[in-house]
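Novice:
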Amino acid sequence: MRTIIEGGTIVNGGKVFKGNILIEDEDISDVYPENHDRAGIVRACDHNESPDATTPPLRHIDASGCYVLPGVIDSHVHFREPGLTAKADIDSESRAAAAGGVTSYMEMPNTVPQTTTLEALEDKFRRAATSSHVNYSFFFGATNDNTPLFSQLDPHRVPAIKLFMGSSTGNMLVDSDESLERIFREAPLPIMAHCEDTAIIDRNMKTVCEGYGDDPPVSLHPLIRSEEACLLSTQKAVALARKHHARLHVAHVSTADELELFGGFGGERREERGERNDFRGERNDLAERITAEVTVGHLYFSSQDYSRLGSRIKVNPAIKSPVDQFMLRQAIADGRIFTIATDHAPHLLKDKEGGCKRAASGMPMVQFSLPAMLELADEGVITMERIVELMCHNPARLFEVRHRGFIRKGYKADLVIVRPNSPWTVTPQIIESKCGWSPLEGHTFNWRVEQTICNGHTVYADGKVDSGYIGQRLEFR
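Residue numbers (numbering that gives the first Met the number 0): 0 to 476.
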């Protein structure tokens with residue numbers, strides 16, 4: 000299949016320009032500006048005007064009035080399969096990803112069984128190979144005693160090791176100092192860490208329950224999973240990474256204080272200089288060895304939203320104050336934050352009933368992350384170039400994803416076409432996630448995902464996902 004995407008505004012590598020993209024089967028074969036000899040290229044490619052009758056026909060996609068971005072790489076999702084498939088599964092959540100312009104995801108290990116053995120990891124890859132509608136990979140989970148397995152992980156198939164330095168859904172807490180030292184010393188891959196101090200959380204929970212009863216109101220969640228709990232744990236992770244020269248990526252940073260631990264990273268400047276997009280050869284630069292992620296939820300919501308949305312926005316670490324939200328928004332603009340992900344974590348609504356103790360933590364966001372970020376662009380919080388940097392380019396750089404994350408000749412044709420000034424409202428009927436709800440229900444977005452193209456194949460268009468299409472396993476390094 001040969002495809003030309005015509006007339007769109009391309010956002011890639013810190014640049015915004017009108018242009019056209021040629022796709023040959025799964026790969027981008029050319030990218031050229033609008034004033035190029037379009038007619039000559041189309042004539043050369045079009046089956047109807049080619050003397051070679053074996054040349055496949057040229058499919059035209061009109062992107063006039065739209066923006067064409069690299070497909071989003073969401074490096075932090077929970078798809079619940081195996082073991083928790085009443086809430087979600089790879090099939091349903093990869094459909095949600097496709098509908099949201101996400102062409103690749105990396106899924107977390109706190110399933111049932113946990114992805115802490117080689118057998119459990121292989122089982123997930125087998126499942127995704129028959130049910131994932133976009134590209135996929137899976138984190139390997141660290142425990143107090145499974146570091147001997149690290150050397151057996153294939154660095155070309157596994158993006159990183161997930162470390163829970165705070166208790167959360169699935170109870171994969173690593174709480175032994177000896178184990179933490181060993182993990183940071185021996186990890187052959189990047190470490191993505193969930194940083195919250197469990198002892199502080201437990202102490203805060205006890206205090207709050209004494210004042211408010213056994214299941215305190217969810218508005219108190221940020222007092223229990225406090226700024227102190229986040230900061231002390233993140234400081235510990237950073238210190239361990241520096242001590243052992245480990246590659247650390249701190250997941251879902253939620254406080255202003257944590258931001259002081261991270262330096263800016265000039266991704267666009269590297270792009271302009273034409274430098275390599277991975278971290279090899281730069282292992283002594285702490286600013287690039289220790290990086291941070293923020294989630295769409297922590298950017299979009301603040302503690303003021305608990306009165307309106309209650310436990311629907313209960314996540315770990317907690318959604319915190321408007322000041323924290325403001326500072327996180329500043330950090331995505333100035334480079335202290337390296338990636339934006341969703342921490343997509345679907346639960347059934349019945350599991351979200353209750354307060355700080357009883358309601359499950361997590362919310363589904365993968366279908367709406369890109370429209371939400373584009374809304375922040377309209378508000379002047381972030382530029383479209385930075386959105387692409389943080390949601391497409393930098394996940395590819397961080398995990399050294401092969402031939403994805405950019406609109407470049409020879410790269411996989413993972414693309415999303417979005418249209419501005421095209422209002423639509425989030426309703427239960429359009430939600431692809433198996434859990435069937437969203438904290439964004441009733442909200443009207445101004446940006447619409449028109450098409451999602453995965454490996455040159457249109458996996459989402461006209462409001463429908465092609466459920467017959469299966470994505471590819473991501474390759475790294």
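The beta carbon of each residue, even a glycine, is placed where N, CA and C say it ideally should be. None of the values given here were measured: they were computed from a predicted structure.
Please state the DSSP three-state secondary structure of residue 453.
Specialist: Of the three classes helix, strand and coil, the one that applies to residue 453 here is strand, per DSSP.
Novice: Can you grab the Cα-Cα spacing for the pair residue 423 / residue 439, in whole Å?
Specialist: When rounded, the distance between both Cα atoms is 12 Å.
Novice: May I ask you to verify whether the segment 332-343 touches the segment 294-308, counting CB pairs closer than 8 Å and requiring at least 3?
Specialist: Contact between the segment 332-343 and the segment 294-308 is present, because at least three Cβ pairs lie under 8 Å.
Novice: Alpha carbon to alpha carbon, how far is residue 138 from residue 221?
Specialist: So the alpha carbons of these two residues sit roughly 27 Å apart.
Novice: Could you pull the start and end residues of the beta strand (DSSP E) that residue 227 belongs to?
Specialist: Residue 227 -> not in any beta strand (DSSP E); alpha helix (DSSP H) instead, spanning 226-243.
Novice: Do you know how far the Cα of residue 399 is from the Cα of residue 22?
Specialist: Cα to Cα, residue 22 sits roughly 23 Å from residue 399.
Novice: With C-beta atoms as the reference, is residue 132 less than 8 Å away from residue 94?
Specialist: In this structure, residue 94 lies closer than 8 Å to residue 132 by Cβ.
Novice: Going by DSSP, what residues sit across from residue 472 in a beta bridge?
Specialist: Paired residues: 135.
Novice: Hey, how far is the Cα of residue 247 from the Cα of residue 288?
Specialist: Roughly 6 Å separates the two Cα atoms.
Novice: Which stretch, first to last residue, makes up the alpha helix (DSSP H) that contains residue 370?
Specialist: 368-377 is the extent of the alpha helix (DSSP H) around residue 370.
Novice: Helix, strand or coil: how does DSSP classify residue 353 here?
Specialist: Coil.
Novice: Taking the straight line between their C-alpha atoms, what separation do you get for residue 459 and residue 102?
Specialist: Their Cα atoms are separated by approximately 10 Å.
Novice: CB-CB under 7 Å to residue 225, same chain, minus the five flanking residues each way: which ones, in chain order?
Specialist: Closer than 7 Å at Cβ, skipping near neighbours: 199 and 203.
Novice: Determine, using beta-carbon pairs with one atom in the segment 350-361 and one in the segment 383-397, whether at least three such pairs fall under 8 Å.
Specialist: As far as the Cβ criterion goes, the segment 350-361 does not touch the segment 383-397, which means the pair count is below three.
Novice: Looking only at C-alpha atoms, which of 357, 34 and 435 sits nearest to residue 208?
Specialist: Considering only alpha carbons, the answer is 357.
Novice: Please look up how many angstroms separate the CB atoms of residue 140 and residue 114, rounded, as I've assumed it's under 8 Å.
Specialist: Sure, about 5 Å apart at Cβ, within 8 Å.
Novice: Looking at C-alpha atoms only, which residue of 370, 20 and 420 is the closest neighbour of residue 6?
Specialist: Out of 370, 20 and 420, 20 has the C-alpha closest to the C-alpha of residue 6.
Novice: Please say whether residue 98 and residue 431 have beta carbons closer to each other than 8 Å?
Specialist: Yes, these two residues count as a Cβ contact at 8 Å.
Novice: With burial defined as no fewer than 16 other Cβ atoms inside 10 Å of the residue's Cβ, what is the status of residue 403: buried or exposed?
Specialist: When all chains shown are included, residue 403 counts as buried.
Novice: DSSP three-state label for residue 172, please.
Specialist: It is a strand residue.
Novice: Ordered along the chain, which non-local residues of its own chain (more than five positions away) have a Cβ less than 7 Å from that of residue 185?
Specialist: Within the same chain, residue 185 has close Cβ partners 146 and 149.
Novice: For residue 299, does the three-state DSSP call read helix, strand or coil?
Specialist: Here residue 299 sits in helix by DSSP.
Novice: Pull the bridge partners of residue 477 from the DSSP assignment, please.
Specialist: One cannot answer for residue 477 here, as it falls past the ends of the chain, which runs 0 to 476.
Novice: Identify the continuous alpha helix (DSSP H) that holds residue 408 and give its terminal residues.
Specialist: Here residue 408 belongs to no alpha helix (DSSP H), and DSSP marks it neither H nor E.
Novice: Verify whether the separation of the beta carbon atoms of residue 69 and residue 11 is less than 8 Å.
Specialist: Closer than 8 Å, so yes.
Novice: Just confirm the distance between the C-beta atoms of residue 96 and residue 433, as a whole number of angstroms; I'd bet it's less than 8 Å.
Specialist: 13 Å between Cβ atoms; not a contact.
Novice: Mind checking residue 455: buried by the 16 CB within 10 Å criterion, or exposed?
Specialist: Its Cβ being crowded by 16 or more others within 10 Å, residue 455 is buried.
Novice: If you run the structure through DSSP and keep just helix, strand and coil, what is residue 442?
Specialist: Looking at residue 442 - three-state DSSP - the assignment turns out to be coil, as it is neither helix nor strand.
Novice: Can you tell me whether residue 461 is buried or exposed, with buried defined as 16 or more other CB within 10 angstroms of its CB?
Specialist: Under this definition residue 461 is an exposed residue.
Novice: Should residue 32 be labelled buried (16 or more other beta-carbon atoms within 10 Å of its own) or exposed?
Specialist: The residue is exposed, with fewer than 16 neighbouring Cβ atoms inside 10 Å.
Novice: How many angstroms separate the CA atom of residue 108 from the CA atom of residue 122?
Specialist: Straight-line Cα distance between these residues: approximately 12 Å.
Novice: Candidates 179, 317 and 308: which alpha carbon is nearest residue 230's?
Specialist: Nearest of 179, 317 and 308 to residue 230, Cα basis: 317.
Novice: Tell me the DSSP secondary structure of residue 5 in three-state form.
Specialist: Note: residue 5 maps to strand in three-state DSSP.
Novice: In the structure shown, what three-state DSSP assignment does residue 220 receive?
Specialist: In the structure shown, residue 220 sits in a helix (DSSP, three-state: H, G or I).
Novice: Quick check: residue 258 and residue 332, are their CB atoms within less than 8 Å of each other?
Specialist: No, these two residues do not count as a Cβ contact at 8 Å.
Novice: How many Å lie between residue 495 and residue 252 at the Cα?
Specialist: The question about residue 495 has no answer here: the residues shown for the chain are numbered 0 through 476.
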